[in-house]
Amino acid sequence: MTKLQKDELETIAERRRAKRTDWITVGMGSCGLAAGADAVFRALQDGARERGLELDIRKTGCVGACHAEPLVEVDVQGAPRTLYGHVKPEWVDLILDSHVTLKRVVQRLAVPEIAEQRRTCNDHPQPEANRQFKIVTRNCGLVDPEDLEDYIAFGGYQALRRCLFELSPEEVVEEVESSGLRGRGGAGFSTGLKWRLTREAAGREKFIVCNGDEGDPGAYMDRSVLEGDPFSVIEGMTIAAYAIGANEGYLYIRAEYPLAVARIEAAIRSAKLAGLLGRNILGTDFSLNLEVRLGAGAFVCGEETALIASIEGKRGTPRPRPPYPSVSGLWGGPTCINNVETLANIPPILSNGAQWFRSIGTERSPGTKVFALTGKVRRPGLVEIPMGTPLRVVVEEIGGGALPGRTIKAVQTGGPSGGVIPAALLDTPVTYEDLAELGSMMGSGGMIVMDDEDSIVDITRFYLGFCVEESCGKCAPCRIGGRQMLTILERLAEGRGRPEDLDQLRQISKTMKAASLCGLGKSAPNPVLSTLRFFPEEYQRAISASRSNA
Amino acid sequence: MPAQEKDLAADVALAARKWQKKRGALIMVLHEIQGRLGYVPREIALELSKQMNVPLARIYEVLTFYNFFELEPPAKYVISGCMGTACYLKGTPQILQEFGRLLGIEVGQTTPDGKFSLTTVRCVGCCGQAPVILVNGEVKSKVSPKDVPHILAECTD
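In order, the protein sequence lines correspond to chains A and B.
Numbers 734 to 1283, taken from the numbering used here, label the letters of the first sequence in order.
Numbers 3 to 159, taken from the numbering used here, label the letters of the second sequence in order.
Next up, the structure:
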């Protein structure tokens, strides 16, 4: 592709949209591949070739309905567009003969309930009450993640064009500030303010960094976006770089996500070839170079200062703040670090305006949030809902509720840094404030459902064990406090608790929260404190069990 | 220099040269080496120290900090149980126990013939398919302990 100029985006979009007739897509994110999507894809290609069908068969990322993978969507003239779930290679002949050739939908393989959940901001300006609404994952499962033109056909790069030709960097920062977007990595800091601080910091060289070190166990929102719509993250980063005045940027991605890394690297290459990255983007004098850096299995590297150390090629240990990265980050330069999901929000905000974004979600938590709904629920998957949606809607309506014969006990949000919310409080709306009030947090978006089979004490031990293993050991409260709490929790989980254990847990938690150096140590006690608060009877049982044994 | 060592030096040189102009490249060079060899042997670390002009202690400081890097050659089949929360709740511990029972090893060990090793991995992000097991990086979804003999039987030359 030759370098694109300002007005060529439309031409490409129109040309590609005209070409998009009679197509089949196969969801080929990590979960789709794990469920056997590759064999289905090959069977479709072979089947179409044998029948001499002129079909555009494409790979897409994750639709979000992980429970129904592999997913295949068919749209041919003369028959309604249909999504098929749990597709096996041996069904491909039937789909091709019936749907594609005879224009008869194979109703018994169709999953209309999943298709209905795909209301995106590309097609609808506003969400419907208690339903999914996709801003971040608007293209996931629809767009071919390896094809830049396809992204452009879905409205991609219109936001960057608007920024480069109609807005000054200052105006871009203002727009993001007034959108009220808050960091989706967990803490919820204002994205616009972060951009402003980096923009106004003195420094010859500034950096934009995408935090793709999604380390929470049970969370895969960022993986799905990186795999399913890599260009939206790159476009978001490009806009951020323009706004803060950076010409260099890094995407820090977990090495455990090989497909995400491959897709992002390919996307960077095609954007560069098209003149959407590199020198003189879209013919302007703005330039940006992006590179990928791999994580290496250290949870603490999700913390900003540890992440910076890791990109610099060092051990990923955090350092005290201030100075904040926005003042002194990578190689001492002002650095803006945004999470994958935050960045994927940027293009729609700049295309549709801050007011539009503010109209979705709640006053203090505008927009949507993506959750990885997993655990003991009928329909696990990736869910994107407007902020303020009650947890109950997510778990029961979208997730289908408890597994047969079981009852839901609790929902965990925020991963090892979050808390456990009891089933009685499922009407809590999902916002930064409401979750924090319950001693949990939004976190990056893991939402794990637990039922009556699960022991709360054991889960707490699991989370704390994770934090102890991942503690970098630099500060004593986290290194020693975590280890001590784990010893107590192990004892409790084995039914050998002592009466004084609960007070000790509270005491150590307090110290860790107050005195740890970084977010890992400060938040590691959250699962302990929230379970002590909501499930005291389970702890009591663990203690009385040991007494009756004695 | 014996032929094998010459290859080694050339391999390191290649990886180092590719990254030499980049800042903070050490971790990426180590990824590249592990990607090729499956682990980072001591001789390579020594060679790298010379070629990149980085003290050996700095290299080991990084290698030992990050879980991802291996200092020993991997078994022919590395079986990893995902210990993400969803997989944990849905039974990874029981699956690992079954692997351990059939192979006669514990998590973190390798069979004496070097054919199998049993490890755990942090969330691989396939929570919708929980519980998952990785065999040499390939994801097996919705595994139950009774699938274990079958998975082992598939591990043949």
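C-beta: ideal position from N, C-alpha, C; glycine also.
Only a predicted model underlies this, so the values are computations on that prediction, with no experimental measurement involved.
From the DSSP output, read off the bridge partner residues of residue i.
{"i": "A/PRO1155", "result": "A/ALA1143"}
{"i": "A/ASN855", "result": "In DSSP, A/ASN855 forms no bridge with anything."}
{"i": "A/ASN944", "result": "A/TYR985, A/ASN1072"}
{"i": "A/LYS1325", "result": "The question about residue 1325 of chain A has no answer, for chain A in this structure spans 734 to 1283."}
{"i": "B/TYR79", "result": "B/PHE118"}
{"i": "A/PRO1119", "result": "A/THR1101"}
{"i": "B/LEU136", "result": "B/SER82, B/VAL141"}
{"i": "B/THR112", "result": "B/SER119"}
{"i": "A/ARG915", "result": "A/SER923"}
Where does residue i sit, in a helix, a strand or coil, going by DSSP?
{"i": "A/CYS1251", "result": "coil"}
{"i": "B/PHE67", "result": "helix"}
{"i": "B/LEU73", "result": "coil"}
{"i": "A/CYS1200", "result": "helix"}
{"i": "B/LEU50", "result": "helix"}
{"i": "A/MET1245", "result": "helix"}
{"i": "B/SER146", "result": "coil"}
{"i": "A/GLU1045", "result": "coil"}
{"i": "A/GLU1129", "result": "helix"}
{"i": "B/MET3", "result": "Bear in mind that a pLDDT of 43 at B/MET3, under 50, signals an unreliable position, so the model cannot answer this."}
{"i": "B/LYS20", "result": "helix"}
{"i": "A/ARG937", "result": "coil"}
{"i": "B/ALA11", "result": "helix"}
{"i": "A/GLY1148", "result": "helix"}
{"i": "A/GLY1114", "result": "strand"}
{"i": "B/VAL126", "result": "coil"}
{"i": "A/ARG1239", "result": "helix"}
{"i": "A/VAL825", "result": "helix"}
{"i": "A/MET1066", "result": "The question names Met, but residue 1066 of chain A is Gly in the sequence shown. It is coil, neither helix nor strand."}
{"i": "A/GLY765", "result": "helix"}
{"i": "A/ARG1229", "result": "coil"}
{"i": "A/VAL832", "result": "Looking at the sequence shown, residue 832 of chain A is not Val but His. Helix at A/HIS832."}
{"i": "A/ALA714", "result": "The structure shown does not extend to residue 714 of chain A, since chain A spans only 734 to 1283, so no value can be given for it."}
{"i": "A/ARG1052", "result": "coil"}
{"i": "A/LEU875", "result": "coil"}
{"i": "A/SER1061", "result": "coil"}
{"i": "B/VAL56", "result": "coil"}
{"i": "A/GLU1096", "result": "coil"}
Considering residue i, what are the terminal residues of the alpha helix (DSSP H) in which it resides?
{"i": "B/GLU100", "result": "94-105"}
{"i": "A/PHE898", "result": "891-899"}
{"i": "A/ILE1082", "result": "1073-1085"}
{"i": "A/ASN751", "result": "It is Ala, not Asn, that sits at residue 751 of chain A in the sequence shown. Start and end: 741-752."}
{"i": "A/LYS927", "result": "924-933"}
{"i": "A/VAL905", "result": "902-912"}
{"i": "A/PRO1162", "result": "It is not in any alpha helix (DSSP H) - A/PRO1162 carries neither H nor E in the DSSP assignment."}
{"i": "A/SER1092", "result": "No alpha helix (DSSP H) contains A/SER1092, which DSSP labels as neither H nor E."}
{"i": "B/CYS89", "result": "87-91"}
{"i": "B/ILE29", "result": "28-39"}
{"i": "A/ARG956", "result": "954-961"}
{"i": "A/ALA848", "result": "845-848"}
{"i": "A/LEU881", "result": "881-886"}
Would you say residue i and residue j are within 8 Å of each other, going by their C-beta atoms?
{"i": "A/GLY1134", "j": "A/ARG1097", "result": "no"}
{"i": "A/VAL1127", "j": "A/MET1180", "result": "yes"}
{"i": "B/CYS129", "j": "A/ALA1105", "result": "yes"}
{"i": "A/ASP962", "j": "A/GLY794", "result": "yes"}
{"i": "A/THR1164", "j": "A/THR1095", "result": "yes"}
{"i": "A/GLU1186", "j": "A/ARG1239", "result": "no"}
{"i": "A/VAL820", "j": "A/LEU835", "result": "no"}
{"i": "B/VAL145", "j": "B/ILE107", "result": "no"}
{"i": "A/THR1038", "j": "A/PRO1055", "result": "no"}
{"i": "A/GLY1254", "j": "A/SER1204", "result": "yes"}
{"i": "A/PHE887", "j": "A/ASN863", "result": "no"}
{"i": "A/LEU1063", "j": "A/VAL958", "result": "no"}
What residue range does the beta strand (DSSP E) around residue i cover?
{"i": "A/ALA1300", "result": "Residue 1300 of chain A lies beyond the range of chain A shown here (734 to 1283); nothing can be said about it."}
{"i": "A/LEU1262", "result": "Premise fails: A/LEU1262 lies in the alpha helix (DSSP H), 1259-1267, not in any beta strand (DSSP E)."}
{"i": "A/THR758", "result": "756-760"}
Against chain C, does residue i count as a neighbour if the rule is that its beta carbon must be under 8 Å from one of theirs?
{"i": "A/THR1068", "result": "Here the protein chains are A and B, and chain C is not one of them."}
Legend entry - beta strand (DSSP E) runs contained entirely in the segment 997-1038 of chain A, provided each spans 3 or more residues: 1022-1027
Inset, instruction - Identify every run of the beta strand (DSSP E) within the segment 768-817 of chain A, keeping only runs that are complete inside it and at least 3 residues long; order them along the chain. - result: 789-793, 805-808, 815-817
Inset, instruction - List in chain order: all unbroken beta strand (DSSP E) runs of 3+ residues lying wholly within the segment 1174-1225 of chain A. - result: 1179-1184
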